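Reviewing the structure listed below.
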Amino acid sequence: MAIASGSSPRTLLSQAQQLELPVQRWLELLVRTSFDSIFVGLSPGPLIDSASWTDCRHAYNILSFQSIPSYQRHKGAKFLASSSKRVLLHMADAKIRRPLVEVFSVSINHIDGENLYGTITVTDARGSQSIYSRSRDHYESISPGQPVLLTGPARSILAYDSVAIDVALKDKDDDVSSKQIWWNPYLATTDKYDEPLYDDFPLKNGSVTVNYAVLSIAFAATVEVTFVNRGGEGENSAHVYGLLTARNGNLMTESVLFRKKSDEHVDVRPEQPIPLSRSVVAVPSNSSLIVRADLMDHDGEIAKGTAEFPAQLSGTSQKNIFGQHGEIRVKVTWTPW
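If you're matching positions, the sequence shown starts at 851 in our numbering and goes up one per residue.
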């Protein structure tokens, strides 16, 4: 049964009632149509079979008409009336795929100088977002083989459809890299999930390696790190430097959240957040988030160790990491994407 374009809301409702979709299918298509940008451009492939795609297209056409109060008479009304959060909770129980991309690092393997600038952007079904942006006047000093300090993503990267990573980096007046990487779930050659992927491309004056993973069923974790105190000296601020990283329990590859040399330290008072360069990471649903801290102050070690957080669909959790002369608190907020 096809739904004619341009049908009136009353006709659409009548056709919807004839679809007789099972509850499980309703849950799937509801989430896939909760955000228009997730669905637009979606095609049958490894993430959704043809029958599901057809039902999603039907529901998308129907749900586009928001003025259908009589929809509550439909057998699936209790799900349509549910909040997005409730529907997503049902989806988690149903084990429907929520593929997310985690960009671990972008490394410069060869570079003539040390002053790097430029942009790195990621584009998914919801649009483009910057994960690195520096002007020539605000370059990053970097050594060969060292990852650049990523400043994003600000939200999770969806992999329901194709994902593009655009790298445009420069060293002084020379192009180090200008490249677009595509991950396409509908091509067998790139249909690789839950393992580290490396795109290495040489250029005239350098080479770049992009390290990322496409996680087949994942949740988004937003990390906040608070400086608790410095060795019991509750009123004194700390000159914080060192390293904070995050990884999932299934892979050893880390994402850098904070990286400062001693001469780049940031002053942080007790119970104030430590400014992170990035805070959103993707975590497999069957794994955990592991945050590793190696933070210093001019008086010594603030925090050294790890905190582990089992992946969950929603909610918050927190743990403390201690050092010889201080303490930090790591808080993680979980969302479906």
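Virtual Cβ for every residue (Gly too), placed ideally from N, Cα, C.
From a predicted model like this one, the values you see are computed outputs, not experimental measurements.
Residue i - containing beta strand (DSSP E), residue span
i: His960; result: Leu950 to Ile961
i: Gly1092; result: Ala1088 to Asn1098
i: Arg976; result: Arg976 -> no beta strand (DSSP E), and no H or E assigned at all.
i: Gln1174; result: First-last for Gln1174: undefined, no H or E at that position.
i: Arg1142; result: Ser1138 to Asp1147
i: Leu1019; result: Val1013 to Asp1021
i: Thr1156; result: Gly1150 to Pro1160
i: Pro1134; result: Val1130 to Pro1134
Nearest to residue i (by Cα), restricted to the options the options
i: Ser978; options: Leu966, Ser1129 and Ser1012; result: Ser1012
i: Thr1185; options: Ile1178, Tyr1036 and Arg1005; result: Arg1005
i: Asn1079; options: Leu1101, Asp1117, Leu1047 and Leu1126; result: Asp1117
i: Val1058; options: Arg1179, Ile1015, Tyr1036 and Ala1157; result: Ile1015
i: Pro994; options: Ile961, Asp1049 and Asp1021; result: Ile961
i: Asp974; options: Asn959, Trp1032 and Val956; result: Trp1032
i: Lys1111; options: Ile992, Ser1135, Leu1101 and Arg1179; result: Ile992
i: Asn1136; options: Pro1125, Leu1101 and Asp1147; result: Leu1101
i: Glu1121; options: Gly1176, Pro1134 and Gly1092; result: Gly1176
Beta-carbon proximity list for residue i, same chain, < 7 angstroms, skipping 5 on both sides
i: Gln1174; result: Gly1150 and Glu1151
i: Asn1086; result: Arg1080
i: Trp1187; result: Arg948, Leu950, Ser1006, Leu1008 and Ala1070
i: Thr1103; result: Phe954, Pro1046, Asn1061 and Arg1097
i: Asn965; result: Tyr989, Ser991, Asp1021 and Lys1022
i: Arg986; result: Tyr967
Close beta carbons around residue i, own chain, < 6 angstroms, minus the five adjacent residues each side
i: Lys1154; result: Asp1144 and Gly1173
i: Thr1183; result: Thr1072 and Thr1166
i: Asp1113; result: none
i: Arg984; result: Tyr967 and Glu990
i: Lys1029; result: Val1017 and Phe1051
i: Thr1229; result: Nothing about residue 1229 can be reported from this structure: the residues present for the chain run from 851 to 1187 only.
For residue i, the three-state DSSP class (helix, strand or coil)
i: Glu964; result: coil
i: Arg986; result: helix
i: Glu1045; result: coil
i: Asp1113; result: helix
i: Val1078; result: strand
i: Pro1003; result: coil
i: Leu897; result: Legend: pLDDT at Leu897 = 42, less than 50; position of this residue unreliable, value from coordinates given subsequently. Here Leu897 sits in coil by DSSP.
i: Asn1034; result: coil
i: Tyr1010; result: coil
i: Pro1052; result: strand
i: Ser991; result: strand
Beta-carbon proximity list for residue i, same chain, < 8 angstroms, skipping 5 on both sides
i: Arg1128; result: Ile981, Leu1000, Thr1001, Gly1002, Pro1003, Ser1105, Val1106 and Leu1107
i: Thr1156; result: Ile1140, Val1141, Arg1142, Ala1143 and Ile1171
i: Ser1138; result: Asn1098, Gly1099, Glu1158, Phe1159, Pro1160 and Ala1161
i: Val1090; result: Phe1077, Lys1110, His1115, Val1116, Asp1117, Val1118, Ile1124, Leu1145, Met1146, Asp1147 and Ile1152
i: Gln996; result: Ser957 and Ile958
Original post:
If you pair each beta-carbon of the stretch 947-960 with each one of the stretch 1067-1076, do three or more pairs fall below 8 angstroms?
Top reply: In short, these stretches touch, since the Cβ pair count reaches three.
Original post:
Are at least three pairs of beta-carbons, each pair with one atom in the stretch 1029-1049 and one in the stretch 1115-1133, less than 8 angstroms apart?
Top reply: These segments do not touch.
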